[in-house]
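Q: Starting off with a structure, shown below.
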Amino acid sequence: MKITIFSTASLLATAALAGNAWQVRFGLTSSAYQETFNELVKDGYRLEYATGFSDLSGDARYNAIFEKPSASDKIAWIANHGLTPEKYSTAFDDLKDKEYRPLHVQGYNVGKDPTSGKERRFTSIWHKNSGKGAVAWEERTDISGDKFTELFQQLVEKGYRLRSLSGYAVGSQQRFSGVFEKRAGPAWKAYAGLNGDEYQKKFEDLKKDGFYPVQIVPYNVDGKVWYSGIWEKVDAEAAKPYTRYGLTGPEYQDLLREWKGKGYRPTSVAGYIDGKTLKYASIFNKA
């Protein structure tokens, strides 16, 4: 299924690279992720991006990007991970009532035979959203491709843009979550439900038109790998993002070192199962 949307551990998979103001981790177990989260938050870091996925045994693994915000960029925030649909729904209602808004929501599958879509979990990041600077937003989870496209068209007409997108399995069916916000920004496009060949072609075609990924979303449904993503127009003179996918843990670790040395930092990282191997996808931007 293809949905097209337009608009104007051990070495297996754990690593840490730190710059002056950011840190990234990938392939962490749930306990290691929570420990890392606690340590970095205590040290003044804020979680900017987080994704969950399943290892080959069905256990949850986590990737995360942390940033130490400047004094002028302080804001109340909350993050959660590993929530069942029911617990996520409860957290959603509670945080919305407390005037928080989701910046990132991701659904992913775990459990025995994780690509079969029998069990799903959610991870999300929320910021305080009140006062004159409050941003209008909409969020949906567990919706089909057709319903997502319909919602997309309705919200884009009202001035919303897609901030966060994820794909995952409910049984053998693809389902999607999305966070929309009403704000101005560069021209953008989004696509969901692409197979590997379709994603690569879309990537190359959009690059010719000056669009580069801001989020890459690989996921598993019924034993297969699918891709979704969000692209934004980048000025011709600006530094261009660098995107890679299909990387093993050691390959991604090497890539982190290489691009950190070039003055870049990861802004999106995701894990998925490809056959009998854990793979990673990531986007790097000039730090």
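In case it helps, mature numbering (1 follows the signal peptide of the UniProt record, and there is no 0) puts the sequence shown at residues -18 to -1, 1 to 269.
Just so it is clear, CB atoms sit at the ideal spot from N, CA and C, and this is done for glycine as well.
Just so we're clear, the structure is a prediction, and the values are computed from it rather than from any experiment.
What does a CB cutoff of less than 8 Å around THR225 pick up in its chain, not counting 5 residues either side in sequence?
A: To locate residue 225, count along the sequence shown from 1; it is residue 243. PHE185, TYR194, PRO195, ILE198, ALA263, SER264, ILE265 and PHE266.
Q: When the Cα atoms are used, what is the spatial distance from THR11 to ALA42?
A: One-based indexing of the sequence shown puts residue 11 at position 29. One-based indexing of the sequence shown puts residue 42 at position 60. One C-alpha to the other measures close to 6 Å.
Q: Measuring alpha carbon to alpha carbon, tell me which residue in PRO232, PRO248, ALA252 and GLY205 is nearest PHE48.
A: Within the sequence shown, numbered from 1, the residue matching residue 48 stands at position 66. Of the candidates PRO232, PRO248, ALA252 and GLY205, the one whose C-alpha sits nearest the C-alpha of PHE48 is PRO248.
Q: With a threshold of 8 Å, are at least 3 pairs of Cβ atoms found where one atom belongs to the region 6 to 20 and the other to the region 206 to 214?
A: With the cut-off at 8 Å, the region 6 to 20 and the region 206 to 214 do not touch.
Q: Out of VAL161, GLY253, TRP208 and SER52, point me to the one whose CA is closest to LEU85's CA.
A: The residue given as residue 85 occupies position 103 in the sequence shown. Ranking the options by Cα distance to LEU85, first place goes to VAL161.
Q: What is the C-beta distance between LEU65 and ARG103, in whole angstroms, given that I count them as a contact (C-beta under 8 Å)?
A: Start at 1 with the first residue of the sequence shown, and residue 65 comes out as number 83. Start at 1 with the first residue of the sequence shown, and residue 103 comes out as number 121. About 6 Å; that satisfies the 8 Å criterion.
Q: Note down the Cα distance separating PHE19 from VAL87, rounded to an integer number of angstroms.
A: Taking the sequence shown and counting its residues from 1, the one referred to as residue 19 is at position 37. Taking the sequence shown and counting its residues from 1, the one referred to as residue 87 is at position 105. If you take the alpha carbons of PHE19 and VAL87, they lie about 17 Å apart.
Q: Suppose the cutoff is 8 Å on Cβ atoms and the five residues either side in sequence are ignored; what does the same chain contact list for THR(-11) look like?
A: Mapped onto the sequence shown, residue -11 falls at position 8. Its pLDDT being 36, under 50, THR(-11) is placed unreliably in this model, and the value from its coordinates should be taken loosely. Answer for THR(-11): ALA169, listed in chain order.
Q: Can the beta-carbon of GLY149 be found less than 8 Å from the beta-carbon of TYR201?
A: For this step, residue 149 is matched to residue 167 along the sequence shown. For this step, residue 201 is matched to residue 219 along the sequence shown. A contact, by the Cβ cut-off of 8 Å.
Q: Put ILE255 into one of helix, strand or coil per three-state DSSP.
A: As a first step, residue 255 must be located in the sequence shown, where it is residue number 273. Strand at ILE255.
Q: Rounding to the nearest angstrom, what Cα-Cα distance links GLY228 and GLY113 in this structure?
A: Mapped onto the sequence shown, residue 228 falls at position 246. Mapped onto the sequence shown, residue 113 falls at position 131. Taking the straight line joining both Cα atoms gives about 43 Å.
Q: If contacts are defined as beta-carbon pairs under 8 Å, then ALA118 and LYS164 qualify, I think. What distance do you get, rounded to the angstrom?
A: Along the sequence shown, one-based indexing puts residue 118 at 136. Along the sequence shown, one-based indexing puts residue 164 at 182. Rounded, the Cβ-Cβ distance is 4 Å, consistent with contact.
Q: Can you tell me whether THR97 is buried or exposed, with buried defined as 16 or more other CB within 10 angstroms of its CB?
A: Taking the sequence shown and counting its residues from 1, one reaches residue 97 at position 115. Its Cβ being crowded by 16 or more others within 10 Å, THR97 is buried.
Q: Can you check DSSP and say which residues form a bridge with THR11?
A: Numbered from its first residue, the sequence shown carries residue 11 at position 29. DSSP lists ARG43 as partners of THR11.
Q: Between TYR254 and LYS268, is the Cβ-Cβ spacing less than 8 Å?
A: As a first step, residue 254 is located in the sequence shown; it is residue number 272 there, counting from the start. As a first step, residue 268 is located in the sequence shown; it is residue number 286 there, counting from the start. Taking 8 Å as the Cβ cut-off, TYR254 and LYS268 do not qualify as a contacting pair.
Q: Just to confirm, is the Cβ distance from residue 277 to SER106 under 8 Å?
A: Limits of the chain in this structure are -18 at one end and 269 at the other, which puts residue 277 out of reach.
Q: Give the range of the beta strand (DSSP E) segment to which PRO195 is assigned.
A: What you label residue 195 is simply residue 213 of the sequence shown in a count that begins at 1. Run containing PRO195: 193 to 203, per the beta strand (DSSP E) assignment.
Q: May I ask whether a heavy atom of the ligand GTP can be found less than 7 Å away from the beta carbon of SER36?
A: Inclusion of the ligand GTP in the displayed structure is not the case, the ligand content being empty and no account of it being possible.
Q: DSSP three-state label for ALA53, please.
A: On the sequence shown, position 71 is the one that residue 53 refers to. The answer is helix: DSSP assigns ALA53 an H, G or I state.
Q: Please return the same chain residues whose Cβ sits closer than 8 Å to the Cβ of ALA151, not counting the five positions on each side in sequence.
A: Counting from one through the sequence shown, the residue named residue 151 turns up at place 169. So the list reads ASN91, THR97, SER98, GLY99, ARG102, ARG157, TYR201, ASN202, VAL203 and ASP204, once near-sequence residues are dropped.
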